[in-house]
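To keep things clear, I will list the structure first and then write my remarks on it.
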Amino acid sequence: MAYKILVVDDDSGIRDMLGIILEARGFEVEYSEDGSGAFAIFSATKPDLVLLDVMLPGKDGVEVCKEIRAISGVPVIMLTAKTDDEDVVAGLEAGADDYIFKPMPSFKVLQARIEARLRPMREPEVGEEPGQVLGQAR
């Protein structure tokens with residue numbers, strides 16, 4: 014069974030790129046294009062991890078993160094162009110587990126951070142190398 018990731022971003026290019034890359038690595042991907050619908054999609058799809066933009070139409074990512082945290086401890090990684098210390102602190106205080114600036118340095122960095130957040134959710138198999146089963150749930 015594959016891990017499910019919810020990608021919340023109003024930029025269709027970023028959503029599509031992340032979806033293609035994540036699916037190629039074995040993840041199941043769900044999408045939301047705005048903050049207003051993100052929590053409903055989160056509740057309906059029950060993802061294992063959320064990639065969440067901060068600047069969203071309808072409701073910003075910090076508010077969406079607070080809603081998620083009110084009911085779930087699922088890992089949340091903020092993806093945003095907002096680089097001020099105050100913005101980073103606001104995201105982390107809202108419950109985000111990590112904060113990555115756009116443009117991302119590489120997908121390899123995001124992949125490693127996703128894997129690090131999902132690692133506690135599964136038991137490694139005997140002889141398994143780190144990162145060997147990216148995308149695969151326990």
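Using the numbering used here, the first residue of the sequence shown is number 14, and each one after it goes up by one.
Where is the CB? At the ideal position from N, CA and C, for every residue including glycine.
If you check the CB distance, V89 and A57 do not come in under 8 Å. The continuous alpha helix (DSSP H) containing M30 extends over residues 25 to 37.
At a Cβ-Cβ threshold of 8 Å, K115 and L131 do not count as neighbours.
In this chain, the beta strand (DSSP E) harbouring E43 covers 41 to 45.
When C-beta atoms of the segment 34 to 41 are compared with those of the segment 70 to 80, fewer than three pairs fall below 8 Å, so the two segments do not count as touching. With 16 or more other Cβ atoms from the protein chains shown falling within 10 Å of its own Cβ, I18 counts as buried.
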